[in-house]
Amino acid sequence: MVGLIVRRFTELLLLLLGISFIVFMSMHIAPGDPASIIGGPTASKEDIEGIRENLGLNKPILVQYFDYLKGVVQGDFGFSFQTKEAVADALITRFPNTLSLAIASIIVAIVIGVTAGIISALKHNTWFDATATTVALAGISIPNFWLGAILILVFAVNLQWLPVGGLSSPMWTVEGMKELILPAITLGTGSAAMIARMSRSAMLEVIKADYVRTARAKGVKEKSVVMIHCLRNAMIPVITVIGLNFGFLLGGTIITEQVFAINGVGRLMIESIAARDFPMVQGGVLLVATLFVLVNLIVDIVYAFIDPRISYD
0 MVGLIVRRFT
10 ELLLLLLGIS
20 FIVFMSMHIA
30 PGDPASIIGG
40 PTASKEDIEG
50 IRENLGLNKP
60 ILVQYFDYLK
70 GVVQGDFGFS
80 FQTKEAVADA
90 LITRFPNTLS
100 LAIASIIVAI
110 VIGVTAGIIS
120 ALKHNTWFDA
130 TATTVALAGI
140 SIPNFWLGAI
150 LILVFAVNLQ
160 WLPVGGLSSP
170 MWTVEGMKEL
180 ILPAITLGTG
190 SAAMIARMSR
200 SAMLEVIKAD
210 YVRTARAKGV
220 KEKSVVMIHC
230 LRNAMIPVIT
240 VIGLNFGFLL
250 GGTIITEQVF
260 AINGVGRLMI
270 ESIAARDFPM
280 VQGGVLLVAT
290 LFVLVNLIVD
300 IVYAFIDPRI
310 SYD
């Protein structure tokens, strides 16, 4: 297990190095000059050159990249071109909202997905199974921005049951839960559909196993057969899907945060990309990439503990 963790951390560092290089080069190669955006339409060429010098944009691109890496190693992600705010402070301020949205979304996905998947497997080839499969396909196909807009129109505007948008309260408070319901459903629907399909497939495979037939032949109650013999083993592959989906949710909140006006990392990155704010975009991408790889590492470790047959040696 120690060898697994060491290997994964090494891979994490190499992956983050590659991601930082690709994002850095992409931002600098893409059209648009941040110095011109900061200077505005009335800025002279001398003003723009002065801004470029102050920001270090007049240096060779590889020199800029290595200067950036030196800062990252020291915990300095730079300062925003637009607001002059430290990138680390901006990300720390907005990350709790993104994390709250991702946690609420994965809870929605697990509750809906696992429940629907298990019932579909137990009622295989019935109307419920067909309906759940159809809904799962629809959930994967529906765009987040469309679903979010429909939920806002129905539950916030017409019925006025829930807030239209924003996230101003902690998720464990009543007001925070109300604010998270619509965005969590919007973001978690696609993951719920994938978890439902995986849960259904895993349960169908386990139900046909010999030890399940033996348990039923011995007179074990059906509830015990499902909960102890079937569900425990069927959840092993589902855990992997849940972990991967949580990583995707952390990095996929951009559209949902825009639709519901949530002041999170995703919305910050959209604003920073539009403003050509290189340090903020690079810091946001590194944060999301780091969290995604860490989630994968945790999933691998949990998987190995749950299923002793798994070996990473």
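Numbering of the sequence shown is given in numbering that gives the first Met the number 0, commencing with residue 0 and proceeding in unit increments. Cβ coordinates follow ideal geometry from the N, Cα and C atoms, glycine included. All values derive from a computational prediction rather than experimental measurement.
Check: Apart from the five residues just before and just after leucine 179, which ones in its own chain have a Cβ nearer than 8 Å to its Cβ?; Outcome: Ser99, Leu100, Ala103, Leu166, Met170
Check: Report the residue from Ile206, Ala131, Arg51, Phe80 whose alpha carbon sits nearest the alpha carbon of serine 271.; Outcome: Phe80
Check: Kindly list the residues whose CB is nearer than 6 Å to the CB of alanine 260, restricted to its own chain and excluding five residues on each side of it in sequence; keep chain order.; Outcome: Gly164, Gly165
Check: Buried or exposed for glutamine 281, please, with buried defined as at least 16 other CB atoms from any protein chain shown within 10 angstroms of its CB.; Outcome: buried
Check: Name the two residues that bound the continuous alpha helix (DSSP H) containing phenylalanine 259.; Outcome: Premise fails: phenylalanine 259 is in no alpha helix (DSSP H) and is neither H nor E.
Check: Please confirm if the stretch 119-127 is in contact with the stretch 193-207, defined as three or more CB-CB distances below 8 Å between the two stretches.; Outcome: yes
Check: Nearest-angstrom Cα distance between isoleucine 47 and alanine 274?; Outcome: 15 Å
Check: Closest to valine 298 by C-alpha separation, out of Leu150, Val86, Leu158, Leu243, would be which residue?; Outcome: Leu243
Check: Just to confirm, are alanine 195 and alanine 131 a CB contact at a threshold of 8 Å?; Outcome: yes
Check: Suppose you measure from the CA of serine 140 to the CA of valine 301; what does that come to, to the nearest Å?; Outcome: 30 Å
Check: For chain B, find out if any of its Cβ atoms is closer than 8 Å to the Cβ of isoleucine 206; answer yes or no.; Outcome: Among the chains of the structure shown, chain B does not appear; only one protein chain is present.
Check: What separation, rounded to the nearest whole angstrom, lies between the Cα atoms of leucine 286 and leucine 158?; Outcome: 38 Å
Check: Within its chain, find whatever has a CB closer than 7 Å to the CB of isoleucine 269; leave out the 5 residues flanking it on each side and keep chain order.; Outcome: Ile253, Gln257
Check: Taking the alpha helix (DSSP H) that phenylalanine 144 falls in, what are its first and last residues?; Outcome: 143-150
Check: Determine the extent of the alpha helix (DSSP H) in which isoleucine 47 is found, giving its start and end residues.; Outcome: 44-54
Check: Whole angstroms is fine: what's the gap from valine 173's alpha carbon to asparagine 96's?; Outcome: 16 Å
Check: Would you kindly report the start and end of the unbroken alpha helix (DSSP H) that includes tryptophan 126?; Outcome: 126-140
Check: Take the Cβ of glycine 5 as the centre, count every other Cβ of all protein chains shown within 10 Å, and call the residue buried at 16 or more, exposed below.; Outcome: It should be pointed out that residue 5 corresponds to valine in this sequence rather than to glycine. Burial call: exposed.
Check: Among the residues of its own chain, which have a CB less than 8 Å from the CB of isoleucine 105, if the five just before and after it don't count?; Outcome: Gly187, Ser190, Ile241, Asn244, Phe245, Leu248
Check: Assign tyrosine 67 to one of two classes, buried (16 or more other C-beta atoms within 10 Å of its C-beta) or exposed (fewer than that).; Outcome: buried
Check: Out of Phe154, Ser168, Met234, Pro278, state which residue places its alpha-carbon closest to the alpha-carbon of glycine 112.; Outcome: Met234
Check: Check alanine 85 in the structure and name its three-state DSSP category.; Outcome: strand
Check: Kindly give me the distance between the Cβ atoms of proline 278 and phenylalanine 78, rounded to whole angstroms, as I take these residues to be in contact under 8 Å.; Outcome: 6 Å
Check: Would you kindly work out how many angstroms separate the C-alpha atoms of lysine 69 and glutamate 45, rounded to a whole number?; Outcome: 29 Å
Check: Helix, strand or coil: how does DSSP classify phenylalanine 76 here?; Outcome: coil
Check: I'd like the list of long-range same chain contacts for proline 236, defined as Cβ closer than 7 Å, with 5 residues on each side in sequence excluded.; Outcome: Met197, Ala201
Check: By a C-beta neighbour count over all protein chains shown, 10 Å radius and 16 as the cutoff for buried, is serine 223 buried or exposed?; Outcome: exposed
Check: Hey, how far is the Cα of proline 332 from the Cα of isoleucine 206?; Outcome: Since the first and last residues shown for the chain are 0 and 312, residue 332 lies out of range.
Check: Using only alpha-carbon positions, find the residue among Val294, Gly250, Gly218, Gly265 that is nearest to threonine 239.; Outcome: Val294
Check: Starting from the C-beta of leucine 90, find all residues in its chain whose C-beta is less than 7 Å away, skip the five residues before and the five after it, and write them out in chain order.; Outcome: Val264, Gly282, Gly283, Leu286
Check: From this set, Arg7, Val22, Gly251, Thr9, which residue's C-alpha is nearest asparagine 143's C-alpha?; Outcome: Gly251
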